[in-house]
Structure formats: structure tokens, C-alpha cells
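Chains as they are written, first to last, in my numbering: chain A, 178 to 499; chain B, 23 to 572; chain C, 3 to 350. Some notes on the structure that comes next.
This is how it looks when you write it as C-alpha cells:
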């Protein structure tokens, strides 16, 4: 097993390199200029050319690529972000906590809701509760997220004045005491995390229900039933425990989507996360930031699928010694 | 009652309740605010919250990407030599003393001497002197700093320190924009920032924050990227007792509609640009008011004259005649813009009152096109010439809804005279590329005219490398007039030239000018003495104050 | 036992049929036509306006009209306009003959929302279906190629798929939109080419697991060639889960188009898609809710329909699941997971 994981790691490194090279090529071939952000109405062509030269953007592409590769591979230097004027890696690093905060809260809501509804639905398959949950969850995940976001702002913020709907803190609280700030951030988290979490939780509910039913139909559950265990204990002890593995796998796989799937919500709720940062970087053609962001995303994809794989091997006894 | 009617009623009622609710709760507070204003004078203390769409990029305006928020902040942290007055509509630019108490020209108008105040100190106690002014100029024109406005200083040959409080600008020649150009840019702290060599300025944005000293009314208290910038009162500011506000918080809110909902909800106090659809609501709400003014800007449809379709003035006139500009303005802006025929807004001093927008006359347009050989010879509804249909793109930046809307309306209107115009919306960076490379047929863009009303960058054949004559318009007579106007030392004397240029532009129609927009700023009524203007939204922030109680 | 899931699937099919029929219905008005936008803009659902045809050909609208001497007075909002009666072609006995009825309201240019939702249905369904066709074809081809290829080639292909999945999709879209001209066909190809990876994994996993089945082993034992086995036995059987996940993917693709439009990168105006209608309606959410509401509703209904249908297809098509149902569970994760997730769960 260790060998196969090593093999996977090796191919992951290759994959990582491949993705970054492709991205590098694409960002440089696509129209647009990373120095455009420095261009004002009075900027002359000569000035732009001088700046391109100063940044080395006028060199042939292969030369730029090799220079970049050398700086990343040998010095771990991902370059200075054009728009933020500091190391791209530092810009990403500073944004990660915001993204992780929103992501974890979303996961909490998603799995809480998913497990609750899934178990409730699995008690009597095709019963009234099951069908209701099925229709309701299908409704929820069929609604476009940004639509759900806009509607929730309309209701919870505008009409009922219950929750803040923009940013991750109230104006001027950046210097407030820690506890005040934490409470304030928590309030700001509720709407965006709910919009993301409810939609994903509705999907998860179906999955939980199905894997639970799958587990309950296994031989050992029937044995447990035959032994006279109560139905509640059967469901909780055997059924849920056995469907935890696919759930954990799913968790591993949904790791990257926590970053990629949140852009719309970040825009609607003005959440200062990685999605918005990288969207701005893309329109500004901020090469170093795009590449550093891509590297981070690829890392998550690799890590996520590795986790899912390892769990899969643990779950399936046939593969455990493979 | 039919089901659909019932649904309609239900939805409308729900929405009315929603909006009514938010209106009602604002009413009493707004009323008390009004009364309190009359009773008291300016009060010290308190804070306001301003919404910005984008983040600032740093505190060193010379080396950071230029953006509106960055400039606004820089003008609060640092001082300019003079303060340009917002009376640009009535007369050529006028100035009030700021860092400089007096100034005078000498040596055939080629030397400009500023006498600085003696009581201005940086926030670390070091006096602000002529050395700072000279060093700032050196940074502004340094090729390593790449300041985007450095071309404005191209006629300044030297800046000399006469004594600590006297500084002398030496120009290569005399021209009307000398004072404007000498005054361009804020004065930066030499003693604090000269420690970092110019060639490292671009890669060390945070360094300038760590080494920040200011001379303006406010200083930076904190900056959380993508979230907020907090400005704190500078206690060493030279104007006695000012600023009144303790703090100014700038919130980064990318979405325009959430900015407005928060303004209506009382979370923020100022929105820099209220979309026309929401302007009435802001004006009517008892808690907020709408501040409007006409900035020297025009939104225009530029024809690329390198495209064979738009070579002749007749075709361009036909396009203008076939575009119903009044309906476009009414539909998109309501009363918050007006149609226009000149690059100069109709209320500015250089505007020729005899220039009227061409009428909307599709029949005349058709005749003009027929005269140029455009007929619908194959019966497909699109006019053609030598087998080539009249088809072109209108390039617009996808982020600007008003311009995208205009492109959609123009497409529908031109279709009526058999012209097939396709809106092409792309992200701003790609649009920039296409404009720089002149790879477009036509484009809708907004242009700002300098307060000296110099149109050289937009209409002169040789724009000396500045890239704003996008349509490659070239008319020797206009070139000559523009040069003549620039030779007049008194801007008042340029009027006849400006009038003649407008007449020719009206004939040539290198652009179809669509509208001049009104700036609409949404402001909370608790903010007093705020005077946003076209030069700066937060102009004279040191004079603003709020009623206590928040 | 009442088979609720089958009823629901049928409901899904019926819903889809309804959406499809609506998409084919003739629209009451030209969806791009901007008739007198000053008067016609942002009218709530159920508004009826008088439509006046003057001789100059430019149709005018009004809330109401009255003949005053030899002029017709047009009342609209708080304004009044006058047109000489002699110039009006559709006036009879002081009554204007034509009306304009906005069943679902009008947008900011006075265009009929109903007509736009109907045409938007065509565009959105077209995008969803064609893009899914591209994705399924690509996915099946690459997935099955990987499944029967030698291990190193399989490895290369699957790593390639991984690479594409970790590619910054948003940047890809912005860059491609800048390189090519954004248009409806561009959106279709773009969505098709960026969503096949999940299906390819699923197809590969299915074919590999089918490879262990008795009937395939038997074919191999009697000396049939791998490609023959693939085409005759494995592919037809692997098709089932692919079709199911493709049906579920359609919904996702329609949502994806909406999200693209949200950033101005989707279907270009004035062609209506549900996505760009919501985006256009967003700015007037509080004043003219109907502009964004009805396309949003249409998207939700259609996506639900495809999800129900995907469920139903699986029930009908997948023989193994029928045996599972006999054992008490009638659902598989396929119903709620993307093909992508599913493939990863099943990766051998």
C-alpha cells in the first residue's frame, strides 16, 4: 500500500508541474496585459514599453518560462503580484483563513443538514417523510446559488434586518477586542455559509439516505436484526457507522470545490475569499497571483483525491493489502 | 380571481411590504437629524463609513496601480501645492492655497515660484519643506517609478529649492496648463521614503505603509485588504481644529446593489455612484440624500476610421442620425444624464451654445447611406455595398452595464435602417488590448476632459504616443486649431478655437456622442458640510462632520 | 408497494415535456423588439398598454389615450404626448385597435419577459443538451480508451484528466472568451469541453468493473479481441450509468451557463438565455422583481425536471440497481452525485 501511495505521489508531482506549465502558457497567450492596471489616461506608449521591459515581459516566452521555473523550483519564489505589489504567495496566504472559515462553516451546515435529513428519510424508504425530503432537497439544489443568495439578502437583511449581508465584519471593527470581533464575524458568516451549505446539504441528504439503505441491506445488518437488536441500534450502530466511510471519502473529494464553488457567493456577499481574489487576478492578468492560486488549487485537488483514495483502501478489505 | 392574478397580487404585496417596511423605519430618525442640524455648528468626533467598489492598491500613488480609491486616499493622507476649485464649469481652472500660500510666474511665464506655508509638519514632527517638493518631482519623472501621469510633467525642466519654503518650477515653454501640471500629484515625504531606491518601489508596496508619515488631515490606521481601510484623524494637521471626524472607514463592497441596500439601512454613509435606477429611491428616503453634479465627462461611440465602413463623414453622420440618443438616455438614465453633441458638457464655459445634437432621423440616415452606395441588394434586410453587408461590432466592457445597455439599444435602432451592429462584450483587460491595437470597429467608452478643456489627446492626429485618439481621427484644421489653443496663455482666449473645433467635430462626427452623465452620490443625512465634487468625492474631508449619537 | 420514485420520475418527464413544449411555442412578441422603451419599460406582469401605429412606422405605447379635437393624446406614466389623428393608421371611431399585453411583465427596454423566457428556454435547453452531448461523447471515448489501454497509457490519460480538473476553470473561461468570440456556440463548446472529465472517469471505472464480470471473462476466454469485447459487451453496459449521469449533468450545465452570464461571459445580448436574463434583472431586483424572477423559476423547474428524469432513467435502465431494490434499497448515489464524484468513489 505504501508503494502505491508513493507512486501516486510521484505522478501527482508530475501532474502539478503539467497544470502549472499549461496555465503559464495560457496566461501568456491570452489577450490582456498585466501592466494595464498601471495605465492611466496620460500614460504614453513609450512608458508602457519601458515598464514591460523593466518587468521582463518583452522577453521571448520560453525565456520567461525558464526564469519563472527556476525561481519557483529553486528559490520557492512565486513572484511579486502585479496588483498587490508584494509576494504572490503572501497574498494567497493572507486570504486562506477567510476562505477556510467560510468553507468549514459551510461543511458543518452541509453535513449537519445532510445527516439529519438523510437519516430521517432512510427510516421509512418511500414513506411520506422520505418523499417530502426528496422533493424539498431536489428543489433546494436546483435553485441557482446566486439567486438563493440574492433572495436571502432581500429577506434576512433588507426586510427583517436580522443579519448582515456584506463582508466579514462590521465597519471599523478591525481594531475591536477579540471577542467582539469573533462574534461579529460569526454573524456575517451565517448567510453566505447557509446559502452554500443548505444547497450542498440537500444533495448530501440523498447520498446519506442511499448509502444508509445500502448498508442496512447488508448481510451483517440482517444478522444483527436477527439477533434481536432494536431497530434504533441497528440504524445507528451498524448502518450509519458503515456509511461513514463513503461520507468521509466524499468529504475528501469535496475539498477543492470548497474553493472553486464559492466565487458567486463571495461576490454576492462581498466575502473577501480566494475566489474573488483569483477572479480579480484573472481579469487583471496578474500572472504570479494566478499561478500561485492555481498551484494552491491543484494541491487541494491532489490532496483531496489522495485522501479519498486512502479512505477507499481502508474501507474495502480487498484493497487493504493490495 | 384567476390564479395568475392572485399570484401577482401575492408577490406584489409581499414586495410592497418589504420595501414599505424599510422606508417606514427610516422616517423618524431622518426628521430629527434635520432639526439638529440647524441648532449646532460643526462638532468634533464621530466617524463615517464610505463604500468603495474596489480596494486601494497602496499608499504610494506614484508606484501603485492607479485607481479611484487609491487616489482618493492619497489626497487625504498627503497635500498638494494648491487646491483646484470645483468651479470648472464656469471658468478655466482656479486654485486656492494649500501647501503653497502664494505663487507667481516670472521670466516670460517660464518660471513658476511657490511660497510654502511654514507651519506644515509631517506626522513625525519633521517640517515639510521645498526639499520634499523637489524630491517628489524627481520621483514623479523617474523612469524607474513609472508614474502613470509623468507625461504631464514633460515640460518641467527642473524644480529648484530656493530656500526651505520657496520652490521654483522651470518650464521649457509657456503654455496654459502650466499651473495645473505643476500642481499635479501629492507631495510625498522625502525623509521617510527616499530610503528605498526608486527601482525597488514596485515590488515593495507594504514598505510604504510601514514607513508612512503624512501631512494631510488623515492618516492610515489599518488596512484589511478586500475589506476595509480605516483612516484616523491626523492630530498634527495644520488647519486649526480640523479635521472634525475622528475616523473615516472605507468599506470595499464590490456589488453596487449591496452598497445601496446598506446605505438605505444606515450601515454606510456614502455611496460614490448610485445607479440611475436607484437614484429616485435614495433621493426620496428621509435618511439619505442624493448629491448630483455634472462632471466634465462624456460617453461616446467611437468609430474606428481605419475601418473602410467608417471612412467617410457621411456614413458616420448617418449612424448618428439613426441612433435615437434621447430614447437611450431616457431609458437608461431617466433624468440623470442628458444628450450631448460636444465633448464639452453643455454647462461648461467652453461649450459652443450653437451646437445642438443632430436629430433622430432614420429616413435621412437611409438616404445618406444610399448616397454612399449602401443598398439592400440581396433583400436580406441588411444594406450592402459591393456585396459586403453593413455589419460591425460595438465593443464594450462587460463590467459597465449602462454601456452594454446602450449597445443593445443601438443594435435594435440601427437594425431599422438595415445596419447590423453586434454588441461584443469582453472583460476590460481584453477591451484594453483591442483598443490599443485598434482591433475594433466601434466602441462605447467614457472620456473625461481636462478642466483646461484641451482636446489634443482625443482628436489630434499626433497624440505623441498617448493612446486616446482611439478612432485614429485626423483633420489638419483641427490639429492646427488645437495647437493654436495650446499657445494661448490665458485660457479665456482659447474660446474661439474651442468653438471652431466643436463645429468641425459636429460636421465630421468622428464619434457619435451619446450622453453626458450626471454623477449621483448617495449620502446619509447625518453627514454635514460634505461637498463631494467632480475632482474628488471626498473633497475637503477635513470639513465634514457628523451629528453626535451613533 | 406504492412506487413513489417512479411517480416522481414520471412527473419529471412530464415537467420536461412541458418545458420542451413551451420552448417550441410561438412567442407572443419578438423577444428582442424594443417598442417605445420610455413607456414600455419595467411594466409589471399583467400590464396592458395601448399600441399606436403612426404613419412614420415608429410604434408608440401609452397607458391610455383620448381623442382631443384632431389630436390623439397619449397618457403614459406622468406624461402626455400628442399625435395628430390623421397620422395614426390604427385608429377607428376614436378607438385604437391594437394593444400590447405583458403577461409576465416587461424588462428595462420594454421587451416582453414572457417572450424572452420562452426563447430563453430554447437557448438554455440547447446549451444544456448539446454541451452534455459533447461531454458524454468525449467522456465515453476517453474513459473507454483508458480502460482498455496498457497501464502506462491509462495512467497518462487519467493524470491528464486530473490535470484538467485542477485547472483554474474560471481563468480558462475568461482567457478563452478573450481569445475567441463569446457566442452561444462558444458557450456550448466551452461547457461541453470542461465537463467531460467526470464522465470519463465514470466510464472507465464501469468498463473496468465490467471486465471482471463472467460474460466478459467468458468472451475473453474464447479469444475475442479486446476492442470487440469493448464494443459488444462493455460499452453498451457502461452506457447506462453514463446516460444517467448525463441527464443529471444537463441541470448542472444550465446552472453553469447562468453563472457564466453572472460574470458577463455567457450568452451575448440581445439573445436571451435564462442566465443573462437573471443577470440583467439583478440591478432592478427591488423595483422590478419579475425580470429576474421568472427566468429563475424556469431554471429551477427545468433543473428539477432533469434531476427527476435522471432518477427515473436509472430506475428503468440499470438492471443491477433493480436487484438492489429487491433487497430494500432503491437508490444509488448516482442520483445525488455528479458523475465525477461517483467515478472517484468507484475508482478501482
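Just so it is clear, CB atoms sit at the ideal spot from N, CA and C, and this is done for glycine as well.
Taking 8 Å as the CB-CB limit, is residue 213 (chain A) close to chain B?
-> The sequence position of residue 213 (chain A) within the first chain is 36, counting from 1. With 8 Å as the cut-off, residue 213 (chain A) counts as an interface residue toward chain B.
From A:421, A:357 and A:274, residue whose alpha carbon lies closest to that of residue 488 (chain A) | As a first step, residue 488 (chain A) is located in the first chain; it is residue number 311 there, counting from the start. Of A:421, A:357 and A:274, the residue nearest in Cα terms is A:421.
Does residue 440 (chain B) get closer than 8 Å to chain C when you measure Cβ to Cβ?
-> The residue labelled residue 440 (chain B) in the question sits at position 418 within the second chain. No, residue 440 (chain B) lies away from the interface with chain C (no Cβ there is under 8 Å from its Cβ).
Considering only C-alpha positions, which residue in the set A:237, A:443 and A:228 is nearest to residue 500 (chain A)?
-> With chain A covering 178 to 499 only, the question about residue 500 (chain A) has no answer from this structure.
Quick check: the segment 300 to 313 of chain B against the segment 543 to 555 of chain B, are there 3 or more CB pairs under 8 Å?
-> In the pairwise beta carbon analysis, the segment 300 to 313 of chain B is classified as touching the segment 543 to 555 of chain B: at least three pairs are separated by under 8 Å.
Are the segment 440 to 458 of chain A and the segment 318 to 336 of chain A touching, with three or more C-beta to C-beta distances below 8 Å?
-> Segments in contact, yes.
Between residue 149 (chain B) and the rest of its own chain, which residues show a CB-CB distance below 6 Å, the 5 nearest in sequence each way excluded?
-> Within the second chain, the letter at position 127 stands for residue 149 (chain B). Hits under 6 Å: 143.
Under 6 Å Cβ to Cβ from residue 299 (chain A), same chain only, skipping five residues before and after it: list those, please.
-> In the first chain, counting from the first residue as 1, residue 299 (chain A) sits at position 122. Excluding positions up to five away in sequence, the list reads 386, 389 and 390.
Just list the alpha helix (DSSP H) runs in the segment 164 to 222 of chain B, keeping only unbroken ones of 4 residues or longer that don't cross its boundaries, in chain order.
-> Those alpha helix (DSSP H) runs which fall completely within the segment 164 to 222 of chain B and span 4+ residues are 200 to 205 and 212 to 215.
Between which two residues does the alpha helix (DSSP H) containing residue 200 (chain C) stretch?
-> Looking up residue 200 (chain C) in the third chain gives position 198. Taken as a continuous stretch (DSSP letters only), the alpha helix (DSSP H) holding residue 200 (chain C) covers 199 to 212.
DSSP on residue 334 (chain A), reduced to helix/strand/coil?
-> If you number the first chain from 1, residue 334 (chain A) lands on position 157. Residue state, collapsed to three classes: helix.
With DSSP as the reference, label residue 215 (chain A) as helix, strand or coil.
-> Position 38 of the first chain holds residue 215 (chain A). The three-state secondary structure of residue 215 (chain A), taken from DSSP, is helix.
Note down, in chain order, each residue of its chain lying with its Cβ closer than 6 Å to the Cβ of residue 189 (chain A), except the 5 sequence neighbours on either side.
-> Within the first chain, numbered from 1, the residue matching residue 189 (chain A) stands at position 12. Taken in chain order, the residues that qualify are 479.
Is it the case that the Cβ atoms of residue 475 (chain A) and residue 201 (chain A) are separated by a distance below 8 Å?
-> For the purposes of this step, residue 475 (chain A) is taken as the residue at position 298 of the first chain. For the purposes of this step, residue 201 (chain A) is taken as the residue at position 24 of the first chain. No, the Cβ-Cβ distance between residue 475 (chain A) and residue 201 (chain A) is not below 8 Å.
Under a CB-based cut-off of 8 Å, is residue 296 (chain C) close to chain B?
-> For the purposes of this step, residue 296 (chain C) is taken as residue 294 along the third chain, with counting starting at 1. Chain B, which has no Cβ nearer than 8 Å to the Cβ of residue 296 (chain C), makes this no.
Which residues in chain C sit within 8 Å of residue 434 (chain B), going by Cβ to Cβ distance?
-> Counting from one through the second chain, the residue named residue 434 (chain B) turns up at place 412. Within chain C, the residues near residue 434 (chain B) are 34, 35, 36, 111 and 272.
Where does residue 71 (chain C) land, buried or exposed, given buried means 16+ other C-beta within 10 angstroms?
-> Residue numbering aside, residue 71 (chain C) sits at position 69 when the third chain is read from its first letter. Around the beta carbon of residue 71 (chain C), fewer than 16 other beta carbons sit within 10 angstroms, so the residue counts as exposed.
Where residue 142 (chain B) meets chain A, residues with beta-carbon distance less than 8 Å | For the purposes of this step, residue 142 (chain B) is identified with residue 120 of the second chain, where counting begins at 1. Simply none; closest approach about 28 Å.
Grouping DSSP H, G and I as helix and E and B as strand, with all else coil, what is residue 342 (chain C)?
-> Taking the third chain and counting its residues from 1, one reaches residue 342 (chain C) at position 340. Below a pLDDT of 50, predicted positions are generally treated as unreliable, and residue 342 (chain C), at 41, falls in that range; the measurement from the model is reported next regardless. It is helical.
Tell me where the beta strand (DSSP E) around residue 79 (chain C) begins and ends.
-> Locating residue 79 (chain C) in the third chain gives position 77, where the first residue counts as 1. It is not in any beta strand (DSSP E) - residue 79 (chain C) carries neither H nor E in the DSSP assignment.
CA-to-CA distance, residue 55 (chain C) to residue 284 (chain A), given in whole angstroms = For the purposes of this step, residue 284 (chain A) is taken as the residue at position 107 of the first chain. For the purposes of this step, residue 55 (chain C) is taken as the residue at position 53 of the third chain. If I take the Cα positions, the gap works out to 59 Å.
Apart from the five residues just before and just after residue 179 (chain B), which ones in its own chain have a Cβ nearer than 8 Å to its Cβ?
-> In the second chain, counting from the first residue as 1, residue 179 (chain B) sits at position 157. Excluding residues within five positions, the ones whose Cβ falls inside 8 Å are 192, 193 and 194.
Buried or exposed: where does residue 182 (chain C) fall if 16 or more other Cβ atoms within 10 Å of its Cβ makes it buried?
-> Residue 182 (chain C) sits at position 180 when you count from the first residue of the third chain. By the neighbour-count rule (16 or more Cβ atoms within 10 Å), residue 182 (chain C) is not buried but exposed.
Does the distance from the CB of residue 569 (chain B) to the CB of residue 98 (chain B) come in under 8 Å?
-> Numbered from its first residue, the second chain carries residue 569 (chain B) at position 547. Numbered from its first residue, the second chain carries residue 98 (chain B) at position 76. The Cβ-Cβ distance between residue 569 (chain B) and residue 98 (chain B) does not fall below 8 Å.
Assigned secondary structure, residue 419 (chain B) (DSSP; H/G/I helix, E/B strand, else coil) = Here residue 419 (chain B) corresponds to residue number 397 of the second chain, with the count starting at 1. Residue state, collapsed to three classes: strand.
Under the three-state DSSP convention, the category residue 104 (chain C) falls into | Taking the first residue of the third chain as position 1, residue 104 (chain C) is located at position 102. Collapsing the DSSP output to three states places residue 104 (chain C) in a strand.
Among the residues of its own chain, which have a CB less than 8 Å from the CB of residue 218 (chain C), if the five just before and after it don't count?
-> Residue 218 (chain C) sits at position 216 when you count from the first residue of the third chain. Closer than 8 Å at the Cβ level, and outside the excluded window around residue 218 (chain C), lie 212, 231, 235 and 236.
Reduced DSSP category for residue 320 (chain A) - H, G, I as helix; E, B as strand; rest coil = Walking along the first chain from the start, residue 320 (chain A) turns up at place 143. Looking at residue 320 (chain A) - three-state DSSP - the assignment turns out to be coil, as it is neither helix nor strand.
Any Cβ of chain B within less than 8 Å of the Cβ of residue 278 (chain A)?
-> Here residue 278 (chain A) refers to the residue found at position 101 when the first chain is read from its first residue. Not an interface residue.
Is the shortest distance between the beta-carbon of residue 240 (chain A) and the beta-carbons of chain C less than 8 Å?
-> Sequence index remark: in the first chain, residue 240 (chain A) carries index 63 (1-based). At a cut-off of 8 Å between beta carbons, residue 240 (chain A) makes no contact with chain C.
From B:141, B:130 and B:282, residue whose alpha carbon lies closest to that of residue 259 (chain B) = For the purposes of this step, residue 259 (chain B) is identified with residue 237 of the second chain, where counting begins at 1. Nearest Cα to residue 259 (chain B) within the set B:141, B:130 and B:282: B:141.
Could you tell me whether any Cβ in chain B is nearer than 8 Å to the Cβ of residue 365 (chain A)?
-> Residue numbering aside, residue 365 (chain A) sits at position 188 when the first chain is read from its first letter. Judged by the 8 Å Cβ criterion, residue 365 (chain A) is not in contact with chain B.
Terminal residues of the alpha helix (DSSP H) in which residue 397 (chain B) lies | Here residue 397 (chain B) corresponds to residue number 375 of the second chain, with the count starting at 1. Unbroken run through residue 397 (chain B): none, as it is neither H nor E.
Would you mind telling me which residues of chain A sit closer than 7 Å to residue 309 (chain C), beta carbon to beta carbon, in chain order?
-> Against the third chain, residue 309 (chain C) aligns to sequence position 307. Chain A residues near residue 309 (chain C): 315 and 319.
Take residue 78 (chain B) as the anchor and find which of B:227, B:153, B:188 and B:159 has the nearest alpha-carbon.
-> Mapped onto the second chain, residue 78 (chain B) falls at position 56. Nearest of B:227, B:153, B:188 and B:159 to residue 78 (chain B), Cα basis: B:227.
C-alpha gap between residue 205 (chain A) and residue 78 (chain C), whole angstroms | Taking the first residue of the first chain as position 1, residue 205 (chain A) is located at position 28. Taking the first residue of the third chain as position 1, residue 78 (chain C) is located at position 76. So the two alpha carbons sit approximately 54 Å from each other.
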